[in-house]
């Protein structure tokens, strides 16, 4: 196989990094969906619906990433990257709305930090896609 020796946190291959990103993303999305569904009973109906929409988009992207990495389908990895970019835009708007409407500055800043981490993960995914396309693994 034509993978670089390192790329994810400078010591793990891009292939293993994408698997870690996919599995942790699926776990994060499932936990987030459980919390959002539990919030439906409270006054946070709009928040819960927006969170459910975001997490379903995010979960779809991570499942596509895992399928693309497992079966060496470069187009699934690329599609996952595009869906993550859309979900990042949605999450950014949601964080700004949290800070502007509710005044929850700390929650919004934590959300923006998580978005920055997810941008790094998206960079790892697109780097893996670049290797996948150039090495003809698909």
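Residue numbers (my numbering): 19 to 156.
The C-beta atom is built at its ideal place from N, Cα and C for all residues, glycine as well.
| query | result |
| --- | --- |
| How many angstroms separate the CA atom of residue 60 from the CA atom of residue 72? | 19 Å |
| In chain order, which beta strand (DSSP E) runs of at least 3 residues are fully inside the region 58 to 96? | none |
| Leaving out five residues before and five after residue 84 in sequence, what residues of the same chain have Cβ atoms less than 6 Å from its Cβ? | 40 |
| According to DSSP, residue 137 sits in a beta bridge with which residue or residues? | In DSSP, residue 137 forms no bridge with anything. |
| What residues are listed by DSSP as bridge partners for residue 132? | Paired residues: none, contrary to the question. |
| Taking its Cβ as the centre, do 16 or more other Cβ atoms sit within 10 Å of residue 119, making it buried, or is it exposed? | exposed |
| At the level of alpha carbons, what is the spacing between residue 33 and residue 143? | 9 Å |
| Using the C-alpha atoms, what's the distance from residue 122 back to residue 31? | 38 Å |
| May I have the straight-line CA-CA distance separating residue 98 from residue 82, to the nearest angstrom? | 6 Å |
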